[in-house]
Amino acid sequence: MSLTRLSVTGVRNLQPVTLAPSPRINILHGDNGSGKTSLLEAIHLLGLARSFRSTRLNPVIAYEHPSCTVFGETQLASGQLCALGVARERGGDLRIRINGQNARSMSELADTLPLQLINPDSFRLLEGAPKLRRQFLDWGVFHVEHRFLGAWQRVQQALRQRNSWLRRGTLDAVSQAAWTRELAQASDEIDGYRRRYIQVFKPVFERTLAALLQLEELQLSYYRGWDKERSLEDVLDASIDRDRALGHTQAGPQRADLRLRIGGHNAADVLSRGQQKLVVCALKIAQGHLVSEAKRGQCIYLVDDLPSELDDQHRQALCELLEQLDCQVFITCVDSTVLQAGWKAETPVSMFHVEHGRITQTTALSE
Ligand SMILES: Nc1ncnc2c1ncn2[C@@H]1O[C@H](COP(=O)(O)OP(=O)(O)O)[C@@H](O)[C@H]1O
Ligand SMILES: [Mg+2]
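Residue numbering for the sequence shown follows the UniProt record's numbering, beginning at 1 and increasing consecutively.
Dropping the structure here:
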């Protein structure tokens, strides 16, 4: 799946623009503040209906513009074209259109344009809260196992019910037991999907990482959110008094995590920034491989400031992995010379220069 056409209007400092990106490698280069990240932000808006830079969309809308609009045409794995549009008025609602119809849900959009973002904040995946790693894991599970979404919604509903009666104590014992059972069953389903995903993911991740870094001792493991020897129903029954005191359910899939450890330490505590970046890249590239296999379509990679923190050798290794992915990739950098060479002759590479919000295609290195 790749964007064959992209039109952006009213996003940050970008001048209205229509691009025909390469189906493979696209390099955006330009000075600081020229608008490179803003273009990645526009693509992110198209795929996820939100920014990765601010939680609200108003700051994304160009100053003195009433709205921002991103329109894209994607080629699905089947060869069919699909038109996507996302528009947001200042202070207004978000409108999402897929092939001329209003999108029914965000998941429909995410399903149509799977994106992977690698940016200077990505190291948070290692050092940040478990929630970020859970989101990462669930993104992968969602794209390979569609039943995941329904099970996840059941867990959310059952958790809301349980937390509500934990706080208020107003539910009769029979209903409490029924909700606990529902929570346990849906949680087991989620755990099953996540566990199966990790089984397939782990070797792909290890292979990908080995191509970037020598870190044999790095261990990836999955924690399901409750004791692996006991059923969730037992754990919930045993912790009822504590849960009541705290006013919420402690154990369950809402506590799951991916753990990355090196010799008994958290990877984030011992790795350099550059190494962390490469581990995160390996995680995200491995996920792209699995999504591609499951869907026969690929995700689109947005790599902001690829060269930062990386020496020549690691930068080259990362570019090779992105090239092998057979995906559409948008890469930003300040100095284009560091990314110009090294691509295979048959890989179509397009270069775009960004200057004061104006984007011009400088070369299509090969077609
Ligand atoms: N809502 C907005 N309207 C207009 N310009 C904006 C808006 N938000 C940010 N900017 C400006 O857009 C410029 C582009 O930023 P950015 O895309 O981060 O540049 P780059 O990634 O090339 O360094 C910055 O100079 C910033 O001040
Ligand atoms: Mg930038």
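C-beta: ideal position from N, C-alpha, C; glycine also.
- In the DSSP assignment, Q185 falls within the alpha helix (DSSP H) that extends over A173 to L212.
- The alpha helix (DSSP H) runs of length 4 or more contained entirely in the stretch 35–90 are, from start to end of the chain, 36–48.
- Set against 7 angstroms, the gap from the CB of V303 to the closest heavy atom of ligand 1 is not smaller.
- Counting along the chain, the unbroken alpha helix (DSSP H) around D237 starts and ends at L232 to A238.
- Selection L159, G288, R162 and K131 evaluated against V200 yields G288 as nearest (Cα-Cα).
- No Cβ-Cβ contact shorter than 8 angstroms links L6 with F352.
- Within the same chain, R90 and G91 come within 8 angstroms of N58 by CB-CB distance, once the 5 residues on both sides are set aside.
- Here R154 has A186 as same chain residues with Cβ atoms under 6 angstroms from its own Cβ, once five neighbours each way along the sequence are excluded.
- Short of 8 angstroms from the beta carbon of A62, and not among the five residues preceding or following it, lie these beta carbons of its own chain, in chain order: G10, V11, R12, N13, L14 and C68.
- Between the alpha carbons of R224 and L137 lies a distance of about 11 angstroms.
- For ligand 2, a non-hydrogen atom lies closer than 7 angstroms to the CB of K36.
- Between the stretch 331–338 and the stretch 149–164, the count of C-beta pairs closer than 8 angstroms stays below three; the two stretches do not touch.
- Distance from the Cα of Y193 is smallest, within the candidate group R147, V86, R134 and D326, for R147.
- In the structure shown, the three-state DSSP call for S272 is coil.
- At least one heavy atom of ligand 1 is found less than 7 angstroms from the C-beta of N32.
- The shortest C-alpha to C-alpha distance from V86 to any of V8, D31, R24 and Q324 is the one to V8.
- Between the C-alpha atoms of D326 and H143 there is a straight-line separation of about 18 angstroms.
- L212 and V141 have their C-alpha atoms some 24 angstroms from each other.
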